[in-house]
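Chemist:
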Amino acid sequence: MNYNVSEKFKNLKPSAIREIFKSLGAPGSISFAAGNPNPDSFPVKEMKEIADEIFEKEPVTALQYGITEGYTPLRELVKARLKRVYGIGEPDDDLIIVTGGQQGIELTCKVMCNEGDVVLCENPSFIGALNAFRSLGAKLIGVPLNDCGIDVNELEKALKENKNVKLLYTIPTFQNPAGITTDLETRKKVLELAEKYDILILEDNPYGDLRFSGEDVPTYKSMDKTGRVLYCGSFSKVLSAGMRIGFLCANKDIVSKIVVAKQVEDVHTNVLFQMICAKYIEKYDLEQHITEIRELYKKKAGLMIKALEENMPKTVSFTRPEGGIFLWCSLPEGLELSEFVKRAGDKNVFVVPGTAFAADPEAPCRSFRLNYSMPSDEEIVKGIRILADIAREMGA
Ligand SMILES: Cc1ncc(COP(=O)(O)O)c(C=O)c1O
Numbered sequence: 001m002n003y004n005v006s007e008k009f010k011n012l013k014p015s016a017i018r019e020i021f022k023s024l025g026a027p028g029s030i031s032f033a034a035g036n037p038n039p040d041s042f043p044v045k046e047m048k049e050i051a052d053e054i055f056e057k058e059p060v061t062a063l064q065y066g067i068t069e070g071y072t073p074l075r076e077l078v079k080a081r082l083k084r085v086y087g088i089g090e091p092d093d094d095l096i097i098v099t100g101g102q103q104g105i106e107l108t109c110k111v112m113c114n115e116g117d118v119v120l121c122e123n124p125s126f127i128g129a130l131n132a133f134r135s136l137g138a139k140l141i142g143v144p145l146n147d148c149g150i151d152v153n154e155l156e157k158a159l160k161e162n163k164n165v166k167l168l169y170t171i172p173t174f175q176n177p178a179g180i181t182t183d184l185e186t187r188k189k190v191l192e193l194a195e196k197y198d199i200l201i202l203e204d205n206p207y208g209d210l211r212f213s214g215e216d217v218p219t220y221k222s223m224d225k226t227g228r229v230l231y232c233g234s235f236s237k238v239l240s241a242g243m244r245i246g247f248l249c250a251n252k253d254i255v256s257k258i259v260v261a262k263q264v265e266d267v268h269t270n271v272l273f274q275m276i277c278a279k280y281i282e283k284y285d286l287e288q289h290i291t292e293i294r295e296l297y298k299k300k301a302g303l304m305i306k307a308l309e310e311n312m313p314k315t316v317s318f319t320r321p322e323g324g325i326f327l328w329c330s331l332p333e334g335l336e337l338s339e340f341v342k343r344a345g346d347k348n349v350f351v352v353p354g355t356a357f358a359a360d361p362e363a364p365c366r367s368f369r370l371n372y373s374m375p376s377d378e379e380i381v382k383g384i385r386i387l388a389d390i391a392r393e394m395g396a
């Protein structure tokens, strides 16, 4: 039978990263392609204990329908932590638990944007968000990044040139894929521009807790005086990605609409995992756990940067993240990215080409993303040497 897929989904391509996963697993292969947290960061023993206790003492709560806004104790704990750690939460804000930050992003666009509205995003940006915006018929326009974060001159140009901009989607801290953090001065200018052109900001911060060097920068949400910032966070990178627990904090009028939209999608987020998450925060030391993850990633990022410095030809540039799990590598002019990625794959080293993260996937690109949270120390050293040899062979 000939299936007539909807117009919206006809042109959506599968995530390049998920496709790369299919080629992984060959013995000796080294992947810098994943976006996964290191499995050592999962508190397995503690979660098992909590799950046993839940099934013993509160099985019905765990197995029954829950409320759409989320499991109340978890909502309260997340609100308190957001206030304490990030200064987030105004009296007219509310918070909903969502099924991963991914759902928070998609629901925001679904509730706030009409088809054809412009969504501005950093270029490059998180592929899951870009595909969510595309699937909802938003027009995506990328704004380049520089060393300070999003390029405010280019942002203003995009705001001037496009009349129906609704939303700026930004990952200001340890950006995926570039590993860049937007500095305070830039954040202040971005907020001014958002006010001047009357747009919303969706601040996506799943990596914010994973700083291993430098100083914290205030979130957009904590500096927002006009209720235009929606803040999306997640437990994926600090407790478990498979648990699928994220949260969205925004003005209560927006959250009440997002609640309705979520009822159409999945009614509510998995109650058992919301309970496990809440009880973990109540019973154990989440901050200490996060400190340990930071130490692990500091070591891995340091190792990767050292390997790049020692091995890569000087014409290959790369970012030096202060946290998170990615860095961004750029080949010199004249080198073909697709050829580089292919040669790497032939040698069983996998990276994600920058085209996967572009607002316009047809635009020329010479960059690729490297993940350091998943590979072992030996794989980091060996894999970067292989990539450096390929770059040199190709004339870098
Ligand atoms: C920038 C960014 N936002 C959101 C997400 C979604 O995370 P989750 O849905 O697991 O919370 C990810 C996942 O990798 C991400 O990199």
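Residues 1 to 396 (this note's numbering) make up the sequence shown, in order. All residues carry an ideal CB built from backbone N, CA and C; glycine is no exception. Just so it is clear, the structure is predicted and the values come from calculations on it, not from any experiment.
#1: Determine, using beta-carbon pairs with one atom in the segment 290-306 and one in the segment 72-86, whether at least three such pairs fall under 8 Å.
#2: Are there any heavy atoms of ligand 1 lying less than 6 Å away from the beta-carbon of Asn270, as far as the coordinates show?
#3: Could you tell me if Tyr3 is buried or exposed, where buried requires 16 or more neighbouring beta carbons within 10 angstroms of its beta carbon?
#4: Do the CB positions of Phe174 and Tyr220 come within less than 7 Å of each other?
#5: Taking 6 Å as the limit between beta carbons, can you name the residues of its chain near Phe133, skipping five residues before and five after?
#6: Please name the residue in Leu193, Ala178, Thr181, Gly128 whose C-alpha comes closest to that of Ala158.
#7: Within 10 angstroms of the Cβ of Phe9, are there 16 or more other Cβ atoms? Answer buried if so, exposed if not.
#8: Excluding the 5 residues flanking Ala34 on each side, which residues of the same chain have their C-beta closer than 7 Å to its C-beta?
#9: Can we say the segment 380-396 touches the segment 299-312, given the rule of at least three CB pairs closer than 8 Å?
#10: Should Gln274 be counted as a contact of ligand 1 given a C-beta to heavy atom distance under 6 Å?
#11: Should Pro27 be labelled buried (16 or more other beta-carbon atoms within 10 Å of its own) or exposed?
#12: Let me check understanding here. Comparing Cα to Cα, which of Ser222, Asp216, Asp204, Glu58 lies closest to Glu106?
#13: Taking the runs of the alpha helix (DSSP H) that are 4 residues or longer, which of them lie wholly in the segment 1-83?
#14: Kindly provide the chain-ordered list of residues whose Cβ lies closer than 6 Å to any non-hydrogen atom of ligand 1.
#15: If distances are taken between C-alpha atoms only, which option among Val260, Ile96, Glu69, Leu136 comes closest to Asn11?
#16: Could you give the distance in angstroms between the alpha-carbon of Ile97 and the alpha-carbon of Leu335?
Modeler: So, to answer that:
#1: no
#2: No.
#3: By the 16-neighbour rule on beta-carbons within 10 angstroms, Tyr3 is exposed.
#4: no
#5: Cys109, Val119, Leu140
#6: Leu193
#7: Exposed is the label assigned to Phe9, since fewer than 16 other Cβ atoms lie within 10 Å of its Cβ.
#8: Asn371, Met374
#9: yes
#10: no
#11: Exposed, because fewer than 16 other Cβ atoms sit within 10 Å of the Cβ of Pro27.
#12: Asp204
#13: 7-10, 16-23, 44-57, 59-63
#14: Gly35, Gly100, Gly101, Gln102, Phe126, Gly128, Ile171, Asn176, Asp204, Pro206, Ser234, Ser236, Ala241, Gly246
#15: Leu136
#16: 45 Å
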